[in-house]
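Numbering (the numbering used here), first residue to last: 588 to 902. Glycine included, each C-beta is placed from N, C-alpha and C at the ideal position. Step one of this worksheet: look at the structure below.
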C-alpha cells in the first residue's frame, strides 16, 4: 500500500522552502491557518504572514494590492467560500488587472468530508477555469503539490491551486518533471485513454493495471494543469485509442471532463465518458465514504472502459 500524506503538508513544506529563498513571498489566510497549515509559514516568517479574517473578498483584494506592490502573495481559504464569495474580486482585481496572485483553495473536493455540503467544493475548478488569465492546477498528492507550489511561485500571473486536507496515497515521484500546462503519461496504451486529475490519479492507476490484466491496453494521462490544458497530449492519445474516459473529484460540469470535451469536439473525434460527481451537491461523510458514494473508484473506470469498448469510432 502506498504511503499517505496530506496535500496541505506538501503545500506548507514548499512554501517554507520558498520563503527561505525569497523575501517577497507573503502568505495571507482567512482565519484558517491551522487547518490550512499556513501557520507553519507564520511561525517561520511572522512578518510575512497576514490573517485577514473570515472575509474572502478582503483576502483577495488585499493580496491583489500586495502584488501591485511587488510581493508574490499566496491567498489561502477554504475552496468553496474562496471561489464562490470572492469570484468578483478574482475577476476584477486579480485576472482583469493581471496581478500576480496565487489563489489557494483548501479543503478541496471530498477532503472537506464531514464538514458537509456547504463546505464541500465540487464546482471550484469550473469557476476558476472560466476566468481569463487564470491558470488552474490540481496536483495528485503531497509530492506533486510541492512541485506545483514552486512552479506557481515562479509563474508570472494569476493561479488557482487546489489543495486537499486529508491524507491521500503518494503516487507521484519527486524526480518526475513538473511543467505547468504539460500532461504526464503514466501508462502507454492503444485501446482506451484514461485522463485523470488530482487525487483521481491513484484510482486511475489501479484501473489501468486491472484493465491490462483483462487484456485491455489503457493509456493514462495525468492532467495536473486544467488550464491551460495540454491539447497536444489529449489529441495524440485520442487519435490513437478513439475512446476517452475523464476522471475527476469534481463536478463533470465545467471541470476536466468539460475541458477535454472541448478539445475533442474541435480537434479529434472520440467516444468520451466523464466520471466525476454529477449535477449535485455533496453530503457529510468520511472521505472514503464520499468517494464510494460518488463512485470515484477504479471499478467504475473499469466498467466504463469495458462499456466503451463495445463501440468504435471511425476516423
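{"Asked": "Quick check on residue 852: buried or exposed, where buried means 16 or more other Cβ atoms within 10 Å of its Cβ?", "Found": "exposed"}
{"Asked": "Looking at residue 768 and residue 812, is the spacing between their C-beta atoms short of 9 angstroms?", "Found": "yes"}
{"Asked": "Taking DSSP as the reference, what is the three-state secondary structure of residue 623?", "Found": "helix"}
{"Asked": "Report the partner residues of residue 691 according to the DSSP bridge assignment.", "Found": "663, 748"}
{"Asked": "Pairs of beta-carbons, one from the stretch 657-666 and one from the stretch 728-735, closer than 8 angstroms: are there three or more?", "Found": "no"}
{"Asked": "With a 10 Å radius around its C-beta and 16 neighbouring C-beta atoms as the bar for buried, classify residue 777 as buried or exposed.", "Found": "exposed"}
{"Asked": "Taking the Cβ atom as the reference point for each residue, do residue 688 and residue 650 lie within a distance shorter than 9 angstroms?", "Found": "yes"}
{"Asked": "Can you check the stretch 632-688 for any alpha helix (DSSP H) of at least 4 residues that lies completely inside it and give the ranges in chain order?", "Found": "643-655, 666-672"}
{"Asked": "Who does residue 859 pair with in a DSSP beta bridge?", "Found": "831"}
{"Asked": "Express the C-alpha separation of residue 807 and residue 663 in angstroms, rounding to a whole number.", "Found": "31 angstroms"}
{"Asked": "Is residue 755 helix, strand or coil by DSSP?", "Found": "strand"}
{"Asked": "Does the beta-carbon of residue 888 have 16 or more other beta-carbons within 10 angstroms, so that it is buried, or is it exposed?", "Found": "buried"}
{"Asked": "So which of 841, 773, 894, 868 has the shortest CA-CA distance to residue 713?", "Found": "841"}
{"Asked": "Do the stretch 825-834 and the stretch 631-645 touch if we need at least three Cβ pairs shorter than 8 angstroms?", "Found": "no"}
{"Asked": "Please classify residue 766: is it buried, with 16 or more other beta-carbons within 10 angstroms of its beta-carbon, or exposed?", "Found": "exposed"}
{"Asked": "Evaluate contact between the stretch 744-755 and the stretch 853-872, counting only Cβ atoms and requiring at least three cross-stretch pairs below 8 angstroms.", "Found": "no"}
{"Asked": "Apart from the five residues on each side of it in sequence, which residues of its chain come closer than 8 angstroms, Cβ to Cβ, to residue 779?", "Found": "798, 803, 804, 805, 806, 828, 830, 831, 832, 892, 895, 896"}
{"Asked": "Tell me, please, which residues DSSP counts as bridged to residue 812.", "Found": "724"}
{"Asked": "For residue 626, I'd like the list of residues in its chain whose CB is within less than 6 angstroms of its CB, leaving aside the five on either flank, ordered along the chain.", "Found": "620"}
{"Asked": "In whole angstroms, give me the CA-to-CA distance for residue 890 and residue 884.", "Found": "10 angstroms"}
{"Asked": "From this set, 771, 848, 705, 592, which residue's C-alpha is nearest residue 869's C-alpha?", "Found": "705"}
{"Asked": "With burial defined as no fewer than 16 other Cβ atoms inside 10 Å of the residue's Cβ, what is the status of residue 781: buried or exposed?", "Found": "buried"}
{"Asked": "Of all the CB atoms in chain B, is at least one closer than 9 angstroms to the CB of residue 652?", "Found": "You won't find chain B in this structure, because it holds only one protein chain."}
{"Asked": "Pick from 886, 750, 610: whose alpha carbon is nearest that of residue 784?", "Found": "750"}
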